[in-house]
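Read in order, the letters of the sequence shown correspond to residues 10 to 238 in this note's numbering.
We put the CB at the ideal spot given by N, CA and C, even for glycine.
In what follows, a structure is listed as structure tokens, so that the remarks can point back to it.
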Amino acid sequence: MKNIIILTGAGISAESGIKTFRGSDGLWENHKVTDVATPEAWARDPDLVLRFYNERRKQIREVLPNKAHLALVQLEKYFNVDIVTQNIDDLHERAGSSQVMHLHGEINQSRSSIDENLIYDIVNAEMKIGDQCELGSQLRPNIVWFGESVPMIEQAIPLVEKADIVIVIGTSMQVYPAAGLLDFSKPTTQIYNIDPNSVMQSQQKNLSIIKQKAGVAVPLLVRELLNNN
Ligand code: APR
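Here it is, written out as structure tokens:
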């Protein structure tokens, strides 16, 4: 079976009703990154940070996977599929994808603020000041903030290296190290980019740019890949 790696960003969840980060009305137009998504913000005002992520979690729990998330599941019948997402939502899992790696953490998890290996599922929607890990430290969202390292990248790189096909969906590819992942693909790897505002350069012969919304383009591409398999 061929190996397909799917790199997703906020754009794949846009049609489910979750805001993207950049662009007009993006999340970072209405919230300052430095107020809510950095270790400094957490040190300065943890209550504000918790409220920001409590709101994100509530919104995510109210929405459903869309046609793009659902179509990707079909690929698993005939390909080895790994999804590497920058998203903190769980829409790939709820759609039914079986191998999903979250580079930037997960909204439904908390973790110890003194031991990053102590990770817990968040059962109730809200995290509060006073919620503690088993070592007695305040729990923080299990989110990779700006300025923090992205440990999962080490596991994502070999997946891209062995990929026969890479599908990049709904990410502006502005945030490293995720944005550098394509550099690890083989010269023969076929790459697809689905994004109405794709900024990728199409000189490369193995790159197909599909400037459409994920909900339209992903089901079509999945059907094509399954038919040509
Ligand atoms: N279908 C496909 N792509 C879409 C759609 C759609 N319906 N709607 C928007 N897009 C595209 C936009 O054109 C844009 O290129 O999705 C992309 C979203 O880009 P960003 O908002 O920058 O989101 P992302 O790339 O996921 O951000 C990366 O930045 O703030 C951090 O940690 C956060 O994981 C996030 C990271």
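Let me know the secondary structure DSSP gives His113 once reduced to three states. coil
How would you write the range of the beta strand (DSSP E) that Pro150 sits in, first residue to last? Leu148 to Ile152
From the DSSP secondary-structure annotation, give me the bridge partner or partners of Leu216. Ile200
Is it true that the CB of Thr47 sits closer than 7 Å to the CB of Gly114? no
Nearest to His78 (by Cα), restricted to the options Gly18, Phe88 and Asn39: Gly18
On the criterion of 16 or more Cβ atoms from any shown chain inside 10 Å, does Met136 qualify as buried, or is it exposed? buried
Whole angstroms is fine: what's the gap from Gln244's alpha carbon to Ala23's? Since the displayed the chain opens at 10 and closes at 238, residue 244 lies outside it and no answer follows.
Determine the DSSP secondary structure at Thr180, reduced to helix, strand or coil. coil
Assuming Ile15 contacts Arg66 under a Cβ cut-off of 8 Å, what Cβ separation, rounded to an integer in Å, is found between them? Contact flag wrong, Cβ pair sits at about 24 Å.
Quick one: measure Cβ to Cβ for Ala165 and Val93, integer angstroms, because I've assumed they're closer than 8 Å. 5 Å
I'd like the ranges of any beta strand (DSSP E) spanning at least 3 consecutive residues and lying wholly in the region 44-128. 89-94, 109-111 and 114-121
Bounding residues of the alpha helix (DSSP H) (the contiguous stretch that carries Leu235): Ala223 to Asn237
If you draw a straight line from the C-alpha of Val72 to the C-alpha of Ser194, how long is it? 33 Å
Could you tell me whether any non-hydrogen atom of the ligand APR is closer than 6 Å to the CB of Gly179? yes
Buried or exposed: Pro74, going by 16 or more other Cβ atoms within 10 Å of its Cβ? buried
Hey, would you say Gln95 sits closer than 7 Å to Leu84, going by beta carbons? no
Given a threshold of 16 other Cβ atoms within 10 Å of its Cβ, counted over all protein chains shown, does Thr180 qualify as buried or as exposed? buried
Can you find the residues in the same chain that come closer than 8 Å, C-beta to C-beta, to Asn238, ignoring five residues on each side of it along the sequence? Lys11, Tyr87 and Phe88
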